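Everything on this sheet refers to the single structure shown next.
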Amino acid sequence: MQFRSIPILFAIAAVAFAGDSLVRGSNESVEVQAKVYYGKEAVKGLIGSDLDGFICIVEVKILPLTDKAIAISKDDFSLRSDRDGQKSQPFAPSQIAGQGAMIVKSRPNGYGILGDSNGPTYGGMGGLGRGPGSGGAVGNGTATTTTNEISMDKGDAKKQPLLELLKERQFADKETADPVSGLLYFPLEGKHKTKDLELIYKGPGGKVAVHFQ
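What follows is the structure, given as structure tokens:
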């Protein structure tokens, strides 16, 4: 099935291909094609490591629809979950497997059985954090929230091959009128379904959002 460009500034469109999780959307300037790899098995099958289970990988391809070159960057993308409102930007490979890699853990504050926190997660070159959110507890009636503990992993030699692989396959920043493709590495906490996830492109080529199936 072929799609024509839509002559408006902002367009949202998505379609699943038979036997595939590829989705696409377009506006008057660019077409976005994307495929999500979520969960330890899917991520490990793609790159040989499950990345400790908190990274979601999106394989993305940008196709300019005009003859004019545009600047395209991995920082033009964000991933949002409809389940809890999390929104994150891509991590750099060094934040995942380098000496400056981050270890993110959630711990409860207070007592009781931990409820889900609904604060957004954000990431990118500046790091990962949790915005304002709330949780709930049962049993003793005491409110419970979660706090992210962020520490720096000193790294080791075993991580270097993985770091080089992530660098090699990441989405490259460039100015071009030709298609550009690569991998985006998003932090994602909690349990989600792929149909909860939405990839958002917002850059010089306008804005496009695609929902995974």
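Quick note: the sequence shown, position 202, residue 201 per numbering that gives the first Met the number 0, numbers continuous.
Note that the Cβ used here is the ideal one computed from N, Cα and C, for glycine as well.
Note that the structure is a prediction, hence the values are computed from the model and not measured.
Status (buried if at least 16 other CB within 10 Å, exposed otherwise) for residue i
i: Ala68; result: exposed
i: Glu30; result: buried
i: Glu40; result: exposed
i: Arg159; result: Going by the sequence as given, residue 159 is Gln instead of Arg. Gln159 comes out exposed.
i: Glu163; result: exposed
i: Glu188; result: buried
i: Gly204; result: buried
Per DSSP, the bridge partner or partners of residue i
i: Ile95; result: Note: Ile95 sits in no beta bridge, so no partner.
i: Phe90; result: Tyr184
i: Ser28; result: Paired residues: none, contrary to the question.
When the options are compared against residue i, the one with the closest alpha-carbon
i: Val57; options: Ala33, Arg79, Leu64; result: Ala33
i: Lys73; options: Thr193, Glu174, Leu187, His210; result: Glu174
i: Gln169; options: Leu45, Pro63, Arg82, Gly52; result: Leu45
i: Ser28; options: Asp177, Ser87, Phe90, Leu64; result: Leu64
i: Pro89; options: Tyr184, Lys194, Lys192; result: Tyr184
i: Lys192; options: Leu21, Pro178, Gly181, Tyr36; result: Tyr36
Cβ-Cβ separation, residue j to residue i (assumed contact under 8 Å), whole Å
i: Leu196; j: Phe76; result: About 12 Å; that fails the 8 Å criterion.
i: Val179; j: Ile95; result: Between Ile95 and Val179 the Cβ distance is about 21 Å, and since that is not below 8 Å, they are no contact.
i: Val42; j: Leu50; result: 6 Å
Close-in-space but distant-in-sequence residues of the same chain around residue i (CB under 6 Å, 5 per side omitted)
i: Tyr200; result: Val31, Asp75, Phe76, Val207
Residue i Cβ short of 8 Å to the ligand ZN heavy atom set
i: Ala68; result: No copy of the ligand ZN occurs in the structure displayed, which carries no ligand at all.
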